[in-house]
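Structure record follows, encoded as structure tokens.
In this note's numbering, the protein residues as written are 6 to 405.
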């Protein structure tokens with residue numbers, strides 16, 4: 006990833022496959038995909054907390070960490086796409102000698118503030134839930150430096166009744182704020198497209214459509230990470246097949262909603278009667294990107310219907326396989342949302358396909374590797390499962 010970023014800094018965005026027609030290629034699609042995964046972690050954890058679901062204790066910690074890492078990676082793509090990423094701070098409204106001020110109607114400004122606000126809130130939400138476990142690390146630390154480090158991060162936590170009371174109030178309040186914040190953020194991402202005049206983007210369904218898609222891909226990523234951590238850290242006693250069964254049910258429901266969204270999109274394109282919208286609809290099914298479109302429908306709508314079978318929901322291998330296919334399908338959906346309307350817009354003489362280059366692919370693969378690196382660092386330094394919540398469940402005689 007560092008090599009790909011250096012190449013972009015050194016040679017500019019011309020190393021990508023972007024052209025005069027498809028001016029937004031991999032970077033925007035990857036941004037939408039990563040920010041969708043990032044949104045889902047906090048949304049999943051906060052919603053399950055508000056619904057008092059005890060099984061969340063086994064997955065909430067790394068779901069929230071997934072939010073932080075994915076949001077950081079997502080924020081890199083718009084910066085790289087600026088063309089002069091070293092001047093990204095010009096997006097900030099700060100006093101300067103050039104007399105420049107951000108264009109508040111620009112989607113770049115919306116994304117910048119949405120990502121910043123969400124990243125800070127998610128960091129606080131994740132950190133506040135970590136405080137009791139940091140206090141446990143402080144009390145068990147063998148080295149003086151580690152004891153002082155964890156003690157500073159634990160903020161003087163002593164586990165008193167007053168501390169626990171305030172902790173419960175804080176965490177519940179932040180969960181109540183997290184749900185509308187996540188919906189608002191990904192609605193802003195949907196408005197990046199819906200506020201334009203491009204055929205295929207000017208859709209009022211995009212804000213809720215993007216929110217559901219984010220939760221869908223996020224649950225698929227959580228299921229994949231859950232299986233990997235369960236296998237790698239031998240957490241079979243904490244993460245059972247029942248967890249995969251519940252996550253599979255949620256992904257099944259999300260796949261049905263996504264199918265309804267696709268039908269609504271097709272109906273709207275036909276009902277409006279605009280020729281360019283109908284051209285684009287036919288192009289998606291029969292044009293250059295038709296194979297990708299059919300694969301996207303297969304992975305996002307058809308394959309998840311296997312979750313109707315209890316034996317599939319209870320199979321860790323099956324859930325992992327379908328989760329990988331869902332994430333591929335959702336990535337293809339983001340790709341097609343960006344590519345197809347630009348490649349097949351209003352003027353037939355400007356129709357031109359997008360062909361990704363080596364540097365497009367290397368940046369995508371590098372972002373996946375960077376995500377894995379951050380996760381390995383988390384597993385090495387901090388508890389990947391919430392210890393105090395698991396102790397609470399065991400004390401209550403429950404199993405997550």
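Just so you know, even glycine gets a beta-carbon here, dropped at the ideal spot from N, CA and C. These numbers come from a predicted model, not from an experiment.
- Message: Relative to the C-alpha of residue 387, which candidate in 195, 140, 95 has its C-alpha closest?
- Response: Sequence index remark: in the chain shown, residue 387 carries index 382 (1-based). With distances taken between Cα atoms, residue 387 lies closest to 140.
- Message: Let me make sure I understand the geometry here. Which of 66, 242, 112, 43 has the alpha-carbon closest to that of residue 216?
- Response: In the chain shown, the residue the question calls residue 216 occupies position 211. Nearest option by C-alpha distance: 43.
- Task: Determine the contact status of residue 329 and residue 225, defining contact as a CB-CB distance below 9 Å.
- Result: Taking the first residue of the chain shown as 1, we reach residue 329 at position 324. Taking the first residue of the chain shown as 1, we reach residue 225 at position 220. Contact flag set, yes.
- Could you tell me which of 341, 315, 237 sits nearest to residue 267, measuring between CA atoms? Here residue 267 is taken as the residue at index 262 of the chain shown, counted from 1. The shortest C-alpha separation from residue 267 is found at 341.
- Given a threshold of 16 other Cβ atoms within 10 Å of its Cβ, counted over all protein chains shown, does residue 11 qualify as buried or as exposed? Within the chain shown, residue 11 is the residue found at index 6, counting from 1. The residue in question, residue 11, is exposed, as its Cβ has fewer than 16 Cβ neighbours within 10 Å.
- Collapsed DSSP secondary structure at residue 294 in the structure displayed: Looking up residue 294 in the chain shown gives position 289. Residue 294: coil per DSSP, three-state reduction.
- Does the Cβ-Cβ distance between residue 196 and residue 112 come in under 9 Å? For this step, residue 196 is matched to residue 191 along the chain shown. For this step, residue 112 is matched to residue 107 along the chain shown. Yes.
- Does the distance from the C-beta atom of residue 37 to that of residue 379 stay below 9 Å? Position 32 of the chain shown holds residue 37. Position 374 of the chain shown holds residue 379. No, the Cβ-Cβ distance between residue 37 and residue 379 is not below 9 Å.
- Between the Cα of residue 287 and those of 384, 56, 346, 262, spot the shortest distance and give me the residue it belongs to. Position 282 of the chain shown, counted from the start, is the residue given in the question as residue 287. Nearest option by C-alpha distance: 346.
- If you compare alpha carbons, which of 274, 136, 188 is closest to residue 171? What you label residue 171 is simply residue 166 of the chain shown in a count that begins at 1. Of the candidates 274, 136, 188, the one whose C-alpha sits nearest the C-alpha of residue 171 is 136.
- Item | Residue span of the alpha helix (DSSP H) that contains residue 377, given as start and end | Here residue 377 refers to the residue found at position 372 of the chain shown. Unbroken alpha helix (DSSP H) run through residue 377: 363-386.
- Query: Going by C-alpha distance, which of 202, 243, 206, 230 is nearest residue 344?
  - Reply: Within the chain shown, residue 344 is the residue found at index 339, counting from 1. For the residues 202, 243, 206, 230, the minimum Cα distance to residue 344 belongs to 206.
- Query: Are the Cβ atoms of residue 138 and residue 392 separated by less than 9 Å?
  - Reply: For this step, residue 138 is matched to residue 133 along the chain shown. For this step, residue 392 is matched to residue 387 along the chain shown. In contact: residue 138 and residue 392 (Cβ atoms closer than 9 Å).
- Rounded to whole angstroms, what's the CA-CA distance from residue 394 to residue 289? Just pull it up for me. In the chain shown, the residue the question calls residue 394 occupies position 389. In the chain shown, the residue the question calls residue 289 occupies position 284. Their Cα atoms are separated by approximately 47 Å.
- How many whole angstroms separate the CB atoms of residue 183 and residue 53, which I take to be in contact at a CB cut-off of 8 Å? The residue labelled residue 183 in the question sits at position 178 within the chain shown. The residue labelled residue 53 in the question sits at position 48 within the chain shown. Actually they are not in contact, since the Cβ atoms of residue 183 and residue 53 sit about 11 Å apart, beyond 8 Å.
- Item | Close beta carbons around residue 257, own chain, < 6 Å, minus the five adjacent residues each side | Numbered from 1 along the chain shown, position 252 holds the residue referred to as residue 257. If we look at residue 257 and ignore the five residues flanking it on each side, its Cβ neighbours are 309, 312.
- C-alpha distance - residue 356 paired with residue 157, whole-angstrom precision: The count along the chain shown starts at 1 and reaches residue 356 at position 351. The count along the chain shown starts at 1 and reaches residue 157 at position 152. Between residue 356 and residue 157, the C-alpha separation is close to 59 Å.
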